[in-house]
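Chains as they are written, first to last, in the working numbering: chain R, 18 to 166; chain B, 18 to 166. Where is the CB? At the ideal position from N, CA and C, for every residue including glycine. So the structure is just underneath, and the comments pick up after that.
2 protein chains.
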Amino acid sequence: MKAEQIAEEFPVVALDSNALDAVRLLATHRLPGLLVTDSAGTPVTILPASQVVKLVVPPYVQEDPSLAGVLSESMADRIADKLGGKSVQEVLPKPPPDMATVKSDDTIVEVAAIMARNRSPLVCVMGGEGLVGVITAARLLGVALGSPH
Amino acid sequence: MKAEQIAEEFPVVALDSNALDAVRLLATHRLPGLLVTDSAGTPVTILPASQVVKLVVPPYVQEDPSLAGVLSESMADRIADKLGGKSVQEVLPKPPPDMATVKSDDTIVEVAAIMARNRSPLVCVMGGEGLVGVITAARLLGVALGSPH
């Protein structure tokens with residue numbers, strides 16, 4: 018079985034989308050991460066959900082989470098401050114993280130290897146005409162267990 | 018708002034559960050990862066979904082995914098070979114990965130910091146009597162955006 022046979026549709030966010038809308042999309046659909054595309058629809062990066070959370074945590078608190086106690090701001094305020102009125106492009110890490118990508122004729126074992134190595138909950142499947150779809154870790158395991166739906 | 022206020026129930030797998038059943042649980046419910054507990058119900062480790070995938074990828078293919086092409090086994094055969102008839106404990110990495118854990122009275126910013134630093138799609142919330150629940154990245158972002166349900 019090849020990657021293109023198990024790829025699924027997945028909501029994407031464009032670089033020029035509103036960053037708060039992108040986070041809302043992830044939260045509402047409980048997505049494992051965000052797939053970000055350029056204006057032509059070509060994937061640019063994948064942000065696993067934990068790394069979307071990271072966008073709103075100050076670097077010194079990432080280093081030492083116990084310092085979160087000294088922040089007077091709530092998480093709601095931080096999200097509004099850091100992401101409000103900004104585009105996805107403006108808030109992405111620079112450079113954006115490497116993206117786990119496979120070709121449409123890659124085998125499922127190859128997809129699994131790339132997913133494991135990138136610690137990515139999803140990979141993009143790319144064909145001759147661009148993005149074919151996405152394979153999540155849960156989807157891949159489901160197919161391997163013989164329950165493709 | 019405190020961690021215990023947004024913690025949710027989450028399916029757990031015991032160390033002595035069947036490994037294939039654990040993977041099936043993840044695939045069926047499209048969980049972001051597996052929360053593994055000991056026989057007393059105390060959390061032992063969290064395996065993000067991508068690291069569950071890793072359990073069935075041979076180390077030399079993880080190093081160089083292009084070598085997947087030389088494997089004659091399908092992903093279905095690999096899952097059956099590596100996990101069939103084994104317990105979760107038998108297939109976990111040794112030692113099991115550090116687990117992202119927060120206390121029930123930690124703030125949401127602290128939860129976010131621990132999630133980001135551990136690159137974990139979920140964290141365990143621990144209270145005086147053990148596991149209170151779990152907070153996923155999607156849940157945390159939803160709460161911060163003001164859409165708690």
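Which ranges would you report for the beta strand (DSSP E) in the stretch 20-46 of chain R if only whole runs of at least 3 residues count? Runs of the beta strand (DSSP E) inside the stretch 20-46 of chain R: 29-31.
Kindly confirm or deny that the stretch 46-57 of chain B and the stretch 87-94 of chain R touch, where touching means at least three C-beta pairs closer than 8 Å. no
If you compare alpha carbons, which of R:139, R:77 and R:55 is closest to residue 118 of chain R? R:139
Just list the beta strand (DSSP E) runs in the stretch 65-133 of chain B, keeping only unbroken ones of 3 residues or longer that don't cross its boundaries, in chain order. 118-120
Which residues share a DSSP beta bridge with residue 151 of chain R? R:25 and R:141
Report the partner residues of residue 62 of chain R according to the DSSP bridge assignment. R:53
For residue 118 of chain B, decide whether its Cβ has a neighbour in chain R, counting only Cβ atoms nearer than 7 Å. no
Assign residue 158 of chain B to one of three DSSP states: helix, strand, or coil. In this structure, residue 158 of chain B counts as helix in the three-state DSSP scheme.
Can you confirm whether residue 88 of chain R, when its beta carbon is compared against all beta carbons of chain B, has any partner nearer than 7 Å? Judged by the 7 Å Cβ criterion, residue 88 of chain R is in contact with chain B.
Please report the Cβ distance between residue 122 of chain B and residue 135 of chain B, rounded to the nearest whole angstrom; I am assuming they are in contact, meaning their Cβ atoms lie under 8 Å. Cβ-Cβ separation between residue 122 of chain B and residue 135 of chain B: approximately 19 Å, too far for a contact (criterion under 8 Å).
Alpha carbons only, please: which of R:100, R:81 and R:19 is nearest the one belonging to residue 40 of chain R? R:100
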